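In short: position in the sequence shown from 1, add 3, done, that's this note's numbering.
Using N, Cα and C, we set each Cβ at its ideal position, and we do this for glycine too.
Please read all numbers here as calculations on a predicted model, not as lab measurements.
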Amino acid sequence: MGLYIEARIRADLDEVWTRTQDPALHGRWDLRFTEIAYLPRAEGAPQRFRYATRVLPFLTLAGTGVAAGERERPDGTRTSALRFACPHPLSLLAEGSGYWRYVPDGDGVRFLTGYDYRPRWGAFGALVDRLFLRPLMGWATAWSFDRLRLWLERDITPERALANWLVELAVRACAVVVAVAWLGIGPVLPLFGALAASLAYLCPLLLSVVVCVALCAPPLAHTPAARRCLRGPVTPARAPRVLRALENPR
Numbered sequence: 004m005g006l007y008i009e010a011r012i013r014a015d016l017d018e019v020w021t022r023t024q025d026p027a028l029h030g031r032w033d034l035r036f037t038e039i040a041y042l043p044r045a046e047g048a049p050q051r052f053r054y055a056t057r058v059l060p061f062l063t064l065a066g067t068g069v070a071a072g073e074r075e076r077p078d079g080t081r082t083s084a085l086r087f088a089c090p091h092p093l094s095l096l097a098e099g100s101g102y103w104r105y106v107p108d109g110d111g112v113r114f115l116t117g118y119d120y121r122p123r124w125g126a127f128g129a130l131v132d133r134l135f136l137r138p139l140m141g142w143a144t145a146w147s148f149d150r151l152r153l154w155l156e157r158d159i160t161p162e163r164a165l166a167n168w169l170v171e172l173a174v175r176a177c178a179v180v181v182a183v184a185w186l187g188i189g190p191v192l193p194l195f196g197a198l199a200a201s202l203a204y205l206c207p208l209l210l211s212v213v214v215c216v217a218l219c220a221p222p223l224a225h226t227p228a229a230r231r232c233l234r235g236p237v238t239p240a241r242a243p244r245v246l247r248a249l250e251n252p253r
């Protein structure tokens, strides 16, 4: 089953196109990539590129791809398609393809993607992909799209957006840790004298509320969040024709 992500961005179509098609800008907001670089190409040929993802401090997975786009279409939309492959034996993701669509919508743009890939490692790889990698890729794509939206709509740089997310995550985690730690107050409740009975009743209730708020409260407006993106098409989605014309990268 392929992945589909859609974000509505209140920004100019040309600006959305620039920040997604320029590899230097793309690499800043897309959590899935550490580096993206275009390779030399002949005039009129599809654009080849190299990408790298640092999954651990000592492990970087690199691959290559080929991309093509349609900037001017009769219906006013734009498309970009690519095929990619990673030869590294430790990469669960072997090869895949996908597309971006840019659909003008009132005062903004519907920016959406559909992509799929083939995992390696046989049946074991298929299981790991289904349980772990595919949900992670879907989340990372949606989170990155919202990070891009914040950059375009609120001028919050990708680096600042990441810092905001880490701070909010740390605050939520601390709230949960403190709440759980307070559950161990039972042995010292007698020290509170007449208040002990009330505290024995109120503390678990209040701590449960704190944990629920920390885990379920909506993210702050300046923090990127995957939940703000659509994870399935409203109407049936089809890959653009330009994708079928692309050869597999070698």
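Residue i to residue j span [Cα, whole Å]
i	j	result
N251	R31	26 Å
F52	W124	25 Å
P26	A71	13 Å
R152	T37	19 Å
R86	P122	14 Å
R13	A240	22 Å
E9	P60	31 Å
D33	D119	17 Å
Beta-carbon proximity list for residue i, same chain, < 8 Å, skipping 5 on both sides
i	result
E18	L155
P243	E73, T82, A84, Y102 and R104
V1	The structure shown does not extend to residue 1, since the chain is modelled only from 4 through 253, so no value can be given for it.
Local conformation of residue i per DSSP, three classes
i	result
F135	helix
V1	Here the chain comprises residues numbered 4 to 253, so residue 1 is not present and cannot be evaluated.
W103	strand
E38	strand
S211	helix
L64	strand
D78	coil
L93	coil
N- and C-terminal bounds of the beta strand (DSSP E) containing residue i
i	result
A242	Element bounds for A242: n/a, residue is neither H nor E.
A229	Note, A229: premise wrong, no beta strand (DSSP E); not H, not E.
A55	Q50 to L59
S83	R81 to A88
E9	L6 to I12
Element boundaries [alpha helix (DSSP H), containing residue i]
i	result
A27	P26 to W32
Residues of its chain near residue i, where Cβ-Cβ distance is below 6 Å and the 5 sequence neighbours each way are ignored
i	result
R35	A143
A176	none
Close Cβ partners of residue i (< 7 Å) along its chain, the five nearest in sequence each way excluded
i	result
V216	none
R44	Q50 and R51
Length at least 3, wholly inside the stretch 109-171: the beta strand (DSSP E) runs in chain order:
111-122
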